[in-house]
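In the working numbering, each number is its position in the sequence shown, counted from 1, plus 8. Just below is one structure, and these are the notes that go with it.
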Amino acid sequence: ETSDDAIFSYQPDGTVLSWNAAAQKIFGYPAAEMIGRNISVLAPPERAHEVQHGAWLLQHGKRVPPFESERVTREGRLVQVQVSTSAVRDPAGNVVRIAAILRDVTERKQAEEARAWLAAIVENSNDAIFTRALDGTILSWNAGAERMLGYAPAEAIGKPISFTLPPGRQPNLARNNEKVLRGESVAPHESNRMTR
9 ETSDDAIFSY QPDGTVLSWN AAAQKIFGYP AAEMIGRNIS VLAPPERAHE
59 VQHGAWLLQH GKRVPPFESE RVTREGRLVQ VQVSTSAVRD PAGNVVRIAA
109 ILRDVTERKQ AEEARAWLAA IVENSNDAIF TRALDGTILS WNAGAERMLG
159 YAPAEAIGKP ISFTLPPGRQ PNLARNNEKV LRGESVAPHE SNRMTR
């Protein structure tokens, strides 16, 4: 009852037998409304086969590895979930119920999608975008940097940022690091870099 995950059980035919508080919080159905109802109400039409197939596998002694999917709330909102199911057997070995744990991974999936979008923007930018460690070692190098300066990522990553500076010019690493570590930004400025 204190879990943040939806934990419930249902008969092999899909009839819900138990329903915890987190299941109500995630899916919007109170226990009194879900117990006795078929668990398939949570599955979008294109995912209905997952519930039936999982029950069939468990009844036939097969393991269903955890997987990610979508389920529908009482209000019709899609929720990204990680699904784990297991069979509960009687002394004769018959499956009498299926225990399910559904973890809401919607926020994690949205964060992954946002990171993927950001990575795509950085990689496809015409600007040279790279990251460096505090000591000036290059950690990442996008396609724009390769086009602008002529070095492939494999040639630039791991080198000091100073390798792109004209001879005799020293990077302002210490000053810039101090600003960044204080939570300040380094103001945009014009500079010269050496191409390959």
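Glycine residues also receive a C-beta, built at the ideal position from the N, C-alpha and C atoms.
Between the stretch 127 to 145 and the stretch 28 to 40 there are fewer than three C-beta pairs closer than 8 angstroms, too few to call the two in contact. In the three-state scheme derived from DSSP, where H, G and I count as helix and E and B as strand, Thr203 is classed as coil.
Taking 7 angstroms as the cut-off, the Cβ atoms of Thr93 and Val72 count as close.
By the C-beta criterion, the stretch 19 to 28 is judged to be in contact with the stretch 39 to 51, since at least 3 inter-stretch pairs fall below 8 angstroms. Excluding the 5 residues flanking it on each side, Gly84 has no same chain C-beta neighbour closer than 8 angstroms. In the structure shown, Val72 adopts coil according to DSSP, grouped into three states.
Counting every other CB atom within 10 Å of its CB across the protein chains shown gives Trp125 a total below 16, marking it as exposed. Nearest C-alpha to Gln178 among Ser199, Ser193, Ile165: Ser199. Where Thr114 is concerned, the enclosing alpha helix (DSSP H) starts and stops at 114 to 132. Across the structure, Ala63 and Pro38 are spaced so that their CA atoms are roughly 23 angstroms apart. Taking 7 angstroms as the cut-off, the beta carbon of Ala153 is found no closer than this to the beta carbon of Leu147. Taken through DSSP and simplified to helix, strand or coil, Arg45 comes out as coil.
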